[in-house]
Structures are given as C-alpha cells and as structure tokens.
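*Asks:*
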Amino acid sequence: MTDQDLADLLRDLGRHRLTEANAGNVSARRGAGMAISATGIRTDTVTAADIVTMDFAGKFAGGWLPSSEWAMHAAIYQVEPAARVIVHTHSDAAVALSCLDEGLPPFHYMLAEFGGHDVRCAPYATFGTPQLAAHAAAAIEGRSACLLAHHGMICHGPDGRTALTRAVKLEMLCRQYLLARAAGPVRCLSEADMEAALARYATYGQQPGQPT
Ligand SMILES: [Zn+2]
805 MTDQDLADLL
815 RDLGRHRLTE
825 ANAGNVSARR
835 GAGMAISATG
845 IRTDTVTAAD
855 IVTMDFAGKF
865 AGGWLPSSEW
875 AMHAAIYQVE
885 PAARVIVHTH
895 SDAAVALSCL
905 DEGLPPFHYM
915 LAEFGGHDVR
925 CAPYATFGTP
935 QLAAHAAAAI
945 EGRSACLLAH
955 HGMICHGPDG
965 RTALTRAVKL
975 EMLCRQYLLA
985 RAAGPVRCLS
995 EADMEAALAR
1005 YATYGQQPGQ
1015 PT
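Numbering (this note's numbering), first residue to last: 805 to 1016.
1) Please say whether D854 and A836 have beta carbons closer to each other than 9 angstroms?
2) Cα-Cα, which of A916, G919, V889 is closest to M838?
3) Could you spell out where the alpha helix (DSSP H) holding V972 opens and where it closes?
4) Along the alpha helix (DSSP H) that carries A898, what are the first and last residues, could you check?
5) Confirm the yes/no value for this check: CB of E873, any heavy atom of ligand 1, distance under 8 angstroms.
6) Which class does R1004 belong to by DSSP, given the choice of helix, strand or coil?
7) Which runs of the alpha helix (DSSP H) at least 4 residues long sit entirely within the region 821 to 886? Give them in chain order.
8) Does DSSP put L952 in a helix, in a strand, or in coil?
9) So does A827 have its beta carbon nearer than 8 angstroms to some heavy atom of ligand 1?
10) Within the continuous alpha helix (DSSP H) that includes H921, where are the two ends?
11) Tell me the rounded alpha-carbon separation between V856 and A929.
12) Within the present structure, is the beta-carbon of G818 separated from the nearest heavy atom of ligand 1 by less than 8 angstroms?
13) Can you tell me the Cα-Cα spacing of G920 and A926, whole angstroms?
14) For A949, tell me which candidate among Q808, L1002, D922 has the shortest Cα-Cα distance.
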C-alpha cells in the first residue's frame, strides 16, 4: 500500500458512509512498522501527504502526528501476523451495538467472514490509551474484526480492498442484528452450522483455476 493507496482507502470509508468528518483512521503494515493516517484528518480532504510512517513503539517521521489510535493499530499488527491493512471506524450500527457492551453472536452465517463463530466486543477504555490497544488486540485475536465498546469497530485484511469490504460487511451485519433484536428474540445458528459456513468460506469467491 502506497501513501496514496491509504489516502484513497480513507476517502472510500467516507464514501461508504462508514465514518463522518475525522472519526476514522487506516493503516498498512510497512517493514517492521506501519504507515497510518495522521490525527484529525478528514476523509473528504485526505491526501498522500497526510500519511505518517512510524514504528510500533510510537516513533514517527515527518511533521504530522499519527492518528491518536496508532497504539491500537500497532498492537493488532503484533498479535495478528495476517493483518496487512487495518480500518477503524465509528459507523452507526457498530457504535449502536457496542453501546450495549455486546458483540455479534452467530445469528447469520456471514459472521464466518471474520474467522470464527462470533465478533467480540472489547471492553471500554479511553481512546488513544495502551489499555484500549490491549483490549482491542485481545478481542480481535483469531478474528479479522472486533467491536470496541462505546466507540466503534476495527478490522483488518490482507489488502485494502478486503479490509474495506470487511468493514462494510460488519456494519451491515450489526445493522441487521439490531433489526432482528428489535423484532424479537434472535435464534442463533448452531456450532455445526457455523463450522459448515467456515468450511465453505475457505473457498468462497474463488474461480476455478485460482490458487487457494
Ligand atoms: Zn475511534
């Protein structure tokens, strides 16, 4: 991911209405550290010049301060070797569900997209703190996404397109779960149902002849 790719990814978050104004940030693993959007950057005006290169201890180059959530991104890159790109948003349905201190149970087979039977919700901690970073890293371990209580969501992928698609799908699933909850008690899928969905997801979307 170039700096321009990251700026474009942050703009795409705005276009998908996953974040408003400056309440979202994106990063990509780069060498032994990462490149991350600068703090306070708006999704509608971001450029490649607003991307900061830094290590996982907080040392950065250039004149812009990195996102206030850089420690959360750094912690996730360190526990999830598969994470190449990270997207963090305050999208409406994810925030609403996170304010119940709940993640997503296996109410829909598409939760398999995130690598397990559920999407956990990290306990609340003040934004930008090492405590929030530790909570997020624990909640996302073994998954590609988690909610952050009273805050939003964070997800990762092997590339920018996948990370963005996961954020869009997580927001959709949070919205659908809240709709179902409002209609009545939600019956969740069984462990066997979710295992079958996970097995299908291992090859989902691949065309014949593509490498697995
Ligand atoms: Zn945030």
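Ideal placement from N, C-alpha and C gives every residue a C-beta, glycine not left out. Model, not experiment: these values are computed from the prediction.
*Replies:* To lay it out plainly:
1) At a Cβ-Cβ threshold of 9 angstroms, A836 and D854 do not count as neighbours.
2) Restricting attention to A916, G919, V889, the CA atom closest to the CA of M838 is found in V889.
3) 964 to 987
4) Counting along the chain, A898 sits inside the alpha helix (DSSP H) bounded by residues 896 to 902.
5) yes
6) helix
7) Fully enclosed alpha helix (DSSP H) runs of 4 or longer: 874 to 883.
8) strand
9) Correct: A827 has its Cβ closer than 8 angstroms to ligand 1.
10) Counting along the chain, H921 falls outside any alpha helix (DSSP H), and DSSP gives it neither H nor E.
11) One Cα belongs to V856, the other to A929, and the distance between them is close to 25 angstroms.
12) no
13) 16 angstroms
14) D922
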